[in-house]
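Under the UniProt record's numbering, the letters of the sequence shown match residues 1 to 137, in that order.
Ideal Cβ positions, reconstructed from N, Cα and C, are used throughout, including at glycine.
Keep in mind that this is a model prediction, so the values were computed, not measured.
Structure first, then comments.
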Amino acid sequence: MRPVLVYTASRLALFAITAGVLYLLDIGGLVGRAIGMPDLLALLLLSFLVSGLASYVLLSKQRDAMSMAIASRAENNRRLMAERAAREDAEEAAQAEEAARQGASAQATPAQPGSRPASPGAADADEAPKRDGDAGK
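So, in C-alpha cells, the structure goes:
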C-alpha cells in the first residue's frame, strides 16, 4: 500500500508545483485570454496536462513499484481465494462421503417390524434408540 501512497502524493505534489510555476509565469492567463477561457480554468487544465506528461517521465520508478505492489496483492488474493475454494470443496466432499456412508449403513441393516428408521443426523447404529427387547443384549 505504501508505493500507491508515494505515487499518489508525488503526482499531487507535481501538479501543485506545475500549477505554481504556471501561475507565476502567468501562462494560464495568457492561454485563457487567447482562447476565451477563464484564467483559473486554463491554469488548472494546463497544470493537469503538463504535470501528467512530467509524471510519465519523472515518476516511472514509483509507477513501476506501485504496479508491482498491486500485482503482488492481486496474486496473493487469487492464491487465498483458491485455497479457500479448495478447503470448501474438501469439506463438501467429506460431508457428501459421510452422508453416503450413513445412507449405505441404513440400507445395509434390515428393518424389523415395529422399528423406527434411524434419523439422518445419527452418526452410526449405536446412537439409534434401543427397543425394549434389546436391553438384555
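Check                                                                          : Outcome
Nearest to Leu40 (by Cα), restricted to the options Val57, Leu24, Gly52, Glu91 : Leu24
Alpha-carbon to alpha-carbon, Glu91 and Lys137                                 : Interpretation of Lys137 is limited by its pLDDT of 49, a score under 50 that renders its predicted location unreliable; no figure is taken from the coordinates.
Expected contact under 8 Å - CB spacing of Val50 and Thr18 to nearest Å        : 5 Å
Within 9 Å, strictly: CB atoms of Ser31 and Ala42                              : Ser is not the amino acid found at residue 31; the sequence shown has Val there. For Val31 and Ala42, yes; Cβs fall inside 9 Å.
Delimiting residues of the alpha helix (DSSP H) encompassing Pro3              : 2 to 24
As assigned by DSSP and simplified to three states, the class of Leu59         : coil
Gly32 - containing alpha helix (DSSP H), residue span                          : 27 to 35
Under 9 Å between C-beta atoms of Arg11 and Ser67                              : no
C-alpha gap between Ala74 and Leu80, whole angstroms                           : 10 Å
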